[in-house]
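As they're listed, the protein sequences go chains A and H.
The number in my numbering is simply the position in the first sequence, starting from 1, with 4 added.
The number in my numbering is simply the position in the second sequence, starting from 1, with 12 added.
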Amino acid sequence: GAVVSQHPSRVICKSGTSVKIECRSLDFQATTMFWYRQFPKQSLMLMATSNEGSKATYEQGVEKDKFLINHASLTLSTLTVTSAHPEDSSFYICSARLGSRNEQFFGPGTRLTVL
Amino acid sequence: AQKVTQAQTEISVVEKEDVTLDCVYETRDTTYYLFWYKQPPSGELVFLIRRNSFDEQNEISGRYSWNFQKSTSSFNFTITASQVVDSAVYFCALIRRNTGGFKTIFGAGTRLFVKA
């Protein structure tokens, strides 16, 4: 099946630093990747949709300057949390859509803790 | 409005009991896709099933079964003879395809505790 990886799986950083999370589709090309955020005991919230080679589309209420998304290739999308603060601590999950199939494959998630 | 409702926040059962997780959805689309995912404590989402709106056949996979009823906009999930390893959060999700693209709407999730 289609595999999506995320790196790092866990990251702890100091307040004010920037953190980059990578999402890779390992055995397929993903024209579209999605970034979700999940707070403890809550559901997944879509943050943005990124299409290869174009700017990401952010959901309402998500700050594009805070959460920078780059989808430079068909197998890699990155999410950079800029000037992270404790309230950015969360579980971030990416997913990738295989071609025009109506399903997505999820990465294992990245747990971000900002001290 | 597009919405997925999982009214059961938490369910606790004893091993070997059967348990049904409810999912009710709202959509105006005629073509849509429904999913169930399992999220164990590790956090990784595990795909369980996909159903498209034109396929109302129920499905059984081992101890898992799904009941899709368009008339009531429900897509319920039953675990037969539950096991401790079934303890997890289960999410029902709706994917809609429209001119705006491809978007997944998740329910709030149901946390299942299976006690030995």
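Glycine included, every Cβ here is placed at the ideal spot set by N, Cα and C.
How would you call residue i, buried or exposed, if buried means at least 16 neighbouring beta carbons within 10 angstroms?
i        : result
H/Val58  : exposed
A/Arg101 : buried
H/Asp98  : buried
A/His75  : buried
H/Ala105 : buried
H/Gln81  : exposed
H/Ala19  : exposed
A/Leu119 : exposed
Give a yes or no on whether the minimum CB-CB distance between residue i and chain A is below 8 Å.
i        : result
H/Gly74  : no
H/Leu124 : no
H/Glu56  : yes
H/Phe103 : yes
Let me see if you follow: with CB-CB separation under 8 Å, is residue i close to chain H or not?
i        : result
A/Gly113 : yes
A/Phe95  : yes
A/Met54  : It is Ser, not Met, that sits at residue 54 of chain A in the sequence shown. For A/Ser54, the answer is no, since every Cβ of chain H falls outside 8 Å of its Cβ.
A/Thr36  : yes
A/Arg28  : no
A/Ser47  : yes
A/Arg101 : yes
Using the C-alpha atoms, what's the distance from residue j back to residue i?
i        : j        : result
A/Gln64  : A/Pro44  : 21 Å
A/Asp92  : H/Gln69  : 42 Å
H/Thr90  : A/Trp39  : 29 Å
H/Ser65  : A/Ser77  : 32 Å
H/Thr39  : A/Thr53  : 21 Å
H/Val16  : H/Gly121 : 10 Å
A/Ser99  : H/Ser83  : 31 Å
H/Lys115 : A/Ala34  : 15 Å
A/Asn106 : H/Glu27  : 35 Å
H/Arg109 : H/Val96  : 36 Å
A/Ile16  : H/Asp67  : 45 Å
A/Met51  : H/Glu71  : 32 Å
A/Ser104 : H/Ala128 : 43 Å
A/Ile73  : H/Ile61  : 29 Å
A/Phe110 : A/Ser29  : 9 Å
A/Ser19  : A/Met49  : 23 Å
List, in order along the chain, the chain H residues whose C-beta lies closer than 9 Å to that of residue i?
i        : result
A/Glu107 : Tyr45, Phe47, Phe59, Arg62 and Ile107
A/Leu50  : Lys115, Thr116, Ile117 and Phe118
A/Phe32  : None at all; the shortest Cβ gap to chain H is about 15 Å.
A/Phe110 : Tyr49, Glu56, Leu57, Val58 and Phe59
With a Cβ-Cβ cutoff of 8 Å, do residue i and residue j count as a contact?
i       : j        : result
H/Ser94 : H/Glu29  : yes
A/Ser9  : A/Met37  : no
H/Gln14 : H/Ile117 : yes
H/Tyr44 : H/Phe103 : no
A/Lys70 : A/Thr86  : yes
Residues of chain A with CB closer than 9 Å to the CB of residue i, please, in chain order.
i       : result
H/Phe89 : None at all; the shortest Cβ gap to chain A is about 16 Å.
Can you list, in chain order, the residues of the stretch 9 to 20 of chain A whose Cβ is nearer than 8 Å to any Cβ on chain C? No chain C appears in the structure shown, which is made up of the protein chains A and H.
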